[in-house]
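In the working numbering, the protein residues as written are 1382 to 1546.
Just so it is clear, CB atoms sit at the ideal spot from N, CA and C, and this is done for glycine as well.
First the structure, in the form of structure tokens, and then the observations on it.
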């Protein structure tokens, strides 16, 4: 009886925590925009404009890379994650957050305490990724990019977006 119960508990634990994801990498190689800087008055028609950029800091899991926000010629916005390196996890999402980036353990739960916009599931834990932001997106409302694990309510890492001139 105890052996059967132990197997049920083990199976449930594996299903919930999915520990094998710690050793699985998912590389993504989206083509990132080439862009002019935000303040450039001589930008070419048809190119994206780099609005802001930030470097990821680690929270629950070691995270590195750069987040960049682009305005497209039609007025829409795209978020690019370049050179991303983090851990794979269950139900990790890309969030835009109204909160600040707080480094270290103190920042693990900052995003959930502020307004956030759930952009999409993360495409992978490594490489270059591009996300279309919703119509009406206002960059002034969302100064932070957060890689948020819904299952465990914790940030893997975050980047504060700073204007580019």
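Whole-number beta carbon distance between residue j and residue i, since they are thought to touch under 8 Å
| i | j | result |
| --- | --- | --- |
| residue 1513 | residue 1407 | Between residue 1407 and residue 1513 the Cβ distance is about 20 Å, and since that is not below 8 Å, they are no contact. |
| residue 1444 | residue 1405 | With 8 Å as the limit, residue 1444 and residue 1405 do not qualify as a contact, their Cβ atoms being about 16 Å apart. |
| residue 1526 | residue 1540 | 5 Å |
| residue 1430 | residue 1451 | 6 Å |
| residue 1499 | residue 1474 | 6 Å |
| residue 1491 | residue 1502 | Between residue 1502 and residue 1491 the Cβ distance is about 21 Å, and since that is not below 8 Å, they are no contact. |
| residue 1446 | residue 1427 | Not quite, the Cβ-Cβ distance comes to about 27 Å (not below 8 Å), so this is no contact. |
| residue 1497 | residue 1476 | 5 Å |
Cβ-based neighbour list, residue i, same chain, cut-off 7 Å, excluding 5 preceding and 5 following
| i | result |
| --- | --- |
| residue 1518 | 1458 |
| residue 1410 | 1508 and 1509 |
Residue i burial status per 10 Å Cβ neighbour count (16 or more: buried)
| i | result |
| --- | --- |
| residue 1536 | buried |
| residue 1478 | buried |
| residue 1434 | buried |
| residue 1355 | Outside the shown range of the chain, which is 1382 to 1546, sits residue 1355, and nothing can be said about it. |
| residue 1423 | Residue placement at residue 1423 is poorly supported in this model, since its pLDDT is 38, which falls under 50; the coordinates still yield a value, given next. So residue 1423 counts as exposed. |
| residue 1550 | With the chain represented from 1382 up to 1546, any question about residue 1550 goes unanswered, as that position is not in the structure. |
| residue 1485 | exposed |
| residue 1488 | buried |
| residue 1538 | buried |
Own chain residues within Cβ distance below 8 Å of residue i, not counting five before or after
| i | result |
| --- | --- |
| residue 1543 | 1433, 1434 and 1435 |
Cβ-based neighbour list, residue i, same chain, cut-off 6 Å, excluding 5 preceding and 5 following
| i | result |
| --- | --- |
| residue 1524 | 1542 |
| residue 1412 | none |
Open item on the list: Could you tell me which whole beta strand (DSSP E) segments of length 3 or greater appear in the stretch 1485 to 1521?
Closed with: 1497 to 1502 and 1507 to 1513
Scan the stretch 1410 to 1487 and note each continuous beta strand (DSSP E) run of 3 residues or more that stays entirely inside, going in chain order. 1416 to 1418, 1429 to 1439, 1445 to 1452, 1458 to 1466 and 1473 to 1478
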